[in-house]
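Trainee: Please read through the structure below; I'll follow up with questions.
There are 2 protein chains.
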Amino acid sequence: MLTSAALTPIAVHYPGRGAAAMPPATRHAARCSTCAMRHLCMPQGMSAEELPKLEAVICTARAVRRGESLYRAGTPFENLYAVRSGSLKTTMAHRDGREQVTGLRLAGESLGLDGISNDVHACSAIALEDSSVCIVPYAALKRLCRESGAMQERLHKLMGEQIVREASQMMMLGSLSADERVAAFLLDVSGRNVQRGYSSAEFNLRMTREDMGSYLGMTLETVSRTLSKFQKRGLIDTRGKFIRIVDLEGLRDL
Amino acid sequence: MLTSAALTPIAVHYPGRGAAAMPPATRHAARCSTCAMRHLCMPQGMSAEELPKLEAVICTARAVRRGESLYRAGTPFENLYAVRSGSLKTTMAHRDGREQVTGLRLAGESLGLDGISNDVHACSAIALEDSSVCIVPYAALKRLCRESGAMQERLHKLMGEQIVREASQMMMLGSLSADERVAAFLLDVSGRNVQRGYSSAEFNLRMTREDMGSYLGMTLETVSRTLSKFQKRGLIDTRGKFIRIVDLEGLRDL
DNA sequence: CGTTCCGTTGAGGTTGTTCAAGTAATGTGG
DNA sequence: CCACATTACTTGAACAACCTCAACGGAACG
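Chain order of the listed sequences is S and G.
When we follow UniProt numbering, the leftmost residue of the first sequence carries the number 1, and every step to the right adds one.
When we follow UniProt numbering, the leftmost residue of the second sequence carries the number 1, and every step to the right adds one.
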């Protein structure tokens, strides 16, 4: 769990700015070993002698500006990533060019597993705000996994988690109404914020209404109308991309 | 790729009966090392000395009767499985009890990865016909993966494939019309048949219309109407659960 | 400070759902 | 092996949820 104070301000106190608002010194202090990477790289039970190897492998950082892609569908897969600050969306395209948002990654979460099956990325990853990621060369990580059972376990869990998360998303798309989907999405983001040590009630969702709609299988207009409706009912309080959940139970009950 | 002649009749020549139609002797002959397990367990590049270890770990079989569950959501995760004959669906439930079909597994495909993240299964797996699976104890497989890079690679690819498959399914649910979804589904099953050495044009889909609807995010009535429409247009030829694809290109063009 | 992108809201249309009835398959016990 | 019970599939008609098109106000950004 990411509880490092260094990252907290990014999401909570500088909601409109992202990583850019964090002073460079702080940014530098938030090295992988003390921040988001915990989640990917610091399984409990990793021995003192394994840790340095791990850090040697993983700790290269990369900045991605808002709108830029970290990787593109169809390009060779080489690295996994952990979001250090900011947030990204993953998208997938049809033959006919239609694109859909398939995922949202917040600070502390991992990225890039879609490339493992074919050595080519199946999705594109695009920054929703100026962000920074840790680069984890897959080949090196694989080697490490053969040396360390804890590391192997961690990687398996990461993949397993994504499998379950995507299955839940399929369920959501397949059997929930528009209202239910929006509510479930807000609760999901809220829950992930709690996991990462942030507020469950307030957050900045850097996706546009169109991104949300694409992710939730509906149009941007329906997203907007649904959020307005929730607001009228006193369930949430929204001002553009900033969202406060007022009645969490109310959202859960649909 | 599963090309064993022993399995072919199951899907092609005994469409109405499933594994039950195969004589017991044949069934016994179709041991893991020669059949479905290839896909899970016989990565290219596995050395002669690794192979026996592998077989020692994986080759326990289990029969699952139509309608029975191989595992249930919420039960402890211990094994992965490879479908040896027959087919299963995976389902996931909401808090409120609503169930949705989240996957279809044909002979040669793997099953159970949904349990890795939490050591508890997230889905249930239910046989669509009398089926048989190979049991692969996860703990033993993990050990093996640390000894064999090829095995590690294979497991990673399996998980990666499921991640990509589920992302595609999300796309389908999120942005395709009912017609497109049904067509995509038929093409998907057709393609998987080809991969497994069967006919791309003819197959028995043991799911009910309700299962398909649940999987595709629509009602059973819409599935039925859509299939009827495709039939009228000369795209497919259906008689209950048996489906022949007449105009593959036509389906691709929507 | 203008331009572009984003968000909101309304009116009307379409797709897919719901409810209902009837028919075909499947499985079971006699 | 047949008659029956059950489950699965098909089709129709009315309705609702969501989409499309359109117009406008506001925020973000160079």
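From the three backbone atoms N, C-alpha and C, an ideal C-beta is built for every residue, glycine too.
Output, in chain order, the set of chain S residues within a Cβ distance shorter than 8 Å of A150(G).
Mentor: Within the second sequence, numbered from 1, the residue matching residue 150(G) stands at position 150. Correct list: empty, because the minimum Cβ distance to chain S is about 11 Å.
Trainee: Closest to R143(G) by C-alpha separation, out of L141(S), G149(S), T102(S) and L144(S), would be which residue?
Mentor: What you label residue 143(G) is simply residue 143 of the second sequence in a count that begins at 1. Cα-wise, what sits closest to R143(G) is G149(S).
Trainee: Check whether the Cβ atoms of A125(G) and T90(G) lie closer than 9 Å to each other.
Mentor: Along the second sequence, read from residue 1 onward, the residue named residue 125(G) stands at position 125. Along the second sequence, read from residue 1 onward, the residue named residue 90(G) stands at position 90. Result yes, Cβ atoms of A125(G) and T90(G) sit closer than 9 Å.
Trainee: Quick check on S132(G): buried or exposed, where buried means 16 or more other Cβ atoms within 10 Å of its Cβ?
Mentor: As a position in the second sequence, residue 132(G) is number 132, starting the count at 1. Buried, because 16 or more other Cβ atoms sit within 10 Å of the Cβ of S132(G).
Trainee: Taking 9 Å as the CB-CB cut-off, is G250(G) touching chain S?
Mentor: What you label residue 250(G) is simply residue 250 of the second sequence in a count that begins at 1. By this cut-off, G250(G) is not an interface position.
Trainee: What are the residues of the stretch 64-86 of chain G that lie near chain S, defined by any Cβ-Cβ distance shorter than 8 Å?
Mentor: Residues passing the 8 Å Cβ filter: none.
Trainee: For I163(G), return the contacting residues in chain S, with the cut-off set at a CB-CB distance below 9 Å.
Mentor: Your numbering for residue 163(G) matches position 163 in the second sequence. Here the neighbours are L113, D114, I116, S117, A122, M159, Q162, I163 and E166.
Trainee: Residues in the same chain with beta-carbon distance under 6 Å from R72(S), minus the five sequence neighbours each way, listed in chain order, please.
Mentor: Indexing the first sequence from 1 puts residue 72(S) at position 72. Excluding sequence neighbours, R72(S) sits near S124.
Trainee: Got a sec? Which residues, its chain only, sit under 7 Å from P24(G) by beta carbon, not counting five neighbours each side?
Mentor: Here residue 24(G) corresponds to residue number 24 of the second sequence, with the count starting at 1. Low per-residue confidence applies at P24(G): pLDDT is 36, beneath 50, and the placement is therefore not dependable, though the value from the model is reported in the following sentence. Closer than 7 Å at the Cβ level, and outside the excluded window around P24(G), lies no residue.
Trainee: Would you kindly report the start and end of the unbroken alpha helix (DSSP H) that includes F185(G)?
Mentor: For the purposes of this step, residue 185(G) is taken as residue 185 along the second sequence, with counting starting at 1. Taken as a continuous stretch (DSSP letters only), the alpha helix (DSSP H) holding F185(G) covers A178 to Q195.
Trainee: Are the C-beta of M92(G) and some C-beta of chain S separated by less than 9 Å?
Mentor: Taking the first residue of the second sequence as 1, we reach residue 92(G) at position 92. It does: the Cβ of M92(G) has a partner Cβ on chain S nearer than 9 Å.
Trainee: Check S131(S) in the structure and name its three-state DSSP category.
Mentor: Within the first sequence, residue 131(S) is the residue found at index 131, counting from 1. Here S131(S) sits in strand by DSSP.
Trainee: When the Cα atoms are used, what is the spatial distance from V136(G) to G197(G)?
Mentor: Locating residue 136(G) in the second sequence gives position 136, where the first residue counts as 1. Locating residue 197(G) in the second sequence gives position 197, where the first residue counts as 1. Roughly 23 Å separates the two Cα atoms.
Trainee: Per DSSP, what kind of secondary structure is S224(G) in: helix, strand or coil?
Mentor: Position 224 of the second sequence, counted from the first residue, corresponds to residue 224(G). S224(G) falls in the helix class under three-state DSSP.
Trainee: For L88(G), which residues does DSSP report across the bridge?
Mentor: One-based indexing of the second sequence puts residue 88(G) at position 88. The partner list for L88(G) (beta bridge, DSSP) reads R105(G) and A127(G).
Trainee: Please classify V246(S): does DSSP put it in a helix, a strand, or coil?
Mentor: Within the first sequence, residue 246(S) is the residue found at index 246, counting from 1. Here V246(S) sits in coil by DSSP.
Trainee: Taking 9 Å as the CB-CB limit, is T226(G) close to chain S?
Mentor: On the second sequence, residue 226(G) is found 226 positions in, with the first residue counted as 1. No, T226(G) does not count as interfacial toward chain S.
Trainee: State the beta-bridge partners of N118(G) as determined by DSSP.
Mentor: The residue you call residue 118(G) lines up with position 118 of the second sequence. DSSP lists no partner for N118(G).
Trainee: Identify the residues that DSSP records as bridge partners of S69(S): which are they?
Mentor: Counting from one through the first sequence, the residue named residue 69(S) turns up at place 69. In DSSP, S69(S) forms a bridge with I126(S).
Trainee: Determine the DSSP secondary structure at A63(G), reduced to helix, strand or coil.
Mentor: The residue given as residue 63(G) occupies position 63 in the second sequence. Looking at A63(G) - three-state DSSP - the assignment turns out to be strand.
Trainee: Here's the rule: buried if 16 or more other CB atoms are within 10 angstroms of the residue's CB, otherwise exposed. What is D119(S)?
Mentor: For the purposes of this step, residue 119(S) is taken as the residue at position 119 of the first sequence. Flag for D119(S) reads exposed.
Trainee: Nearest-angstrom Cα distance between Q100(S) and V223(S)?
Mentor: As a working note, residue 100(S) is residue 100 in the first sequence. As a working note, residue 223(S) is residue 223 in the first sequence. C-alpha separation (whole angstroms): 15 Å.
Trainee: I'd like to know whether the C-beta of D247(G) is nearer than 9 Å to at least one C-beta of chain S.
Mentor: Taking the first residue of the second sequence as position 1, residue 247(G) is located at position 247. Chain S contact via Cβ: absent.
Trainee: Compare the beta carbon distance of R146(S) and Q169(G) with 9 Å and say whether it is the shorter of the two.
Mentor: Residue numbering aside, residue 146(S) sits at position 146 when the first sequence is read from its first letter. Residue numbering aside, residue 169(G) sits at position 169 when the second sequence is read from its first letter. For R146(S) and Q169(G), no; Cβs fall outside 9 Å.
Trainee: Tell me, please, whether the CB atom of A102(S) is closer than 9 Å to any CB atom in chain G?
Mentor: Locating residue 102(S) in the first sequence gives position 102, counting from the first residue. Checking the displayed sequence, the identity of residue 102(S) turns out to be Thr instead of Ala. Yes, contact with chain G.
Trainee: Exposed or buried, what is R233(S) when buried is set at 16 or more other beta-carbons lying within 10 Å of its beta-carbon?
Mentor: Along the first sequence, read from residue 1 onward, the residue named residue 233(S) stands at position 233. With fewer than 16 Cβ atoms within 10 Å of its Cβ, R233(S) is classed as exposed.
Trainee: Taking Cβ-Cβ distances shorter than 7 Å, what residues in chain G pair up with G169(S)?
Mentor: Numbered from its first residue, the first sequence carries residue 169(S) at position 169. The sequence given here has Gln at residue 169(S), not Gly. Within chain G, the residues near Q169(S) are M170.
Trainee: Any beta-carbon of chain G closer than 9 Å to the one on K89(S)?
Mentor: Within the first sequence, numbered from 1, the residue matching residue 89(S) stands at position 89. No, because no Cβ of chain G sits closer than 9 Å to the Cβ of K89(S).
Trainee: Spell out a yes or no on whether the stretch 201-208 of chain S and the stretch 206-218 of chain G are touching, meaning 3 or more CB-CB pairs, one atom from each, closer than 8 Å.
Mentor: They do not touch, by the three-pair rule.
Trainee: Output, in sequence order along the chain, the residues in the stretch 209-221 of chain G whose CB is closer than 8 Å to any CB in chain S.
Mentor: Per Cβ criterion, the list reads S214, Y215, L216 and G217.
Trainee: Measure from the C-beta of R154(S) to each C-beta in chain G and report whether the shortest distance is under 9 Å.
Mentor: Within the first sequence, residue 154(S) is the residue found at index 154, counting from 1. Not closer than 9 Å to any Cβ of chain G, the Cβ of R154(S) fails to qualify, so no.
Trainee: Using 9 Å as the limit for Cβ to Cβ distance, is R98(G) near chain S?
Mentor: Here residue 98(G) refers to the residue found at position 98 of the second sequence. At least one chain S Cβ lies under 9 Å of R98(G).
Trainee: Throw me the rounded Cβ distance for the F185(G) and Y138(G) pair, which I believe falls under 8 Å.
Mentor: Here residue 185(G) refers to the residue found at position 185 when the second sequence is read from its first residue. Here residue 138(G) refers to the residue found at position 138 when the second sequence is read from its first residue. About 30 Å; that fails the 8 Å criterion.
Trainee: Once you ignore the five residues that flank Q44(S) on each side, which residues in its own chain have a CB closer than 8 Å to its CB?
Mentor: For the purposes of this step, residue 44(S) is taken as residue 44 along the first sequence, with counting starting at 1. Residue placement at Q44(S) is poorly supported in this model, since its pLDDT is 42, which falls under 50; the coordinates still yield a value, given next. Excluding sequence neighbours, Q44(S) sits near A150.
Trainee: Please tell me whether G191(G) has its Cβ less than 9 Å away from any Cβ of chain S.
Mentor: As a position in the second sequence, residue 191(G) is number 191, starting the count at 1. G191(G) does not count as touching chain S.
Trainee: Tell me the rounded alpha-carbon separation between R239(S) and T226(S).
Mentor: In the first sequence, counting from the first residue as 1, residue 239(S) sits at position 239. In the first sequence, counting from the first residue as 1, residue 226(S) sits at position 226. Distance between the alpha carbons of R239(S) and T226(S) is about 14 Å.
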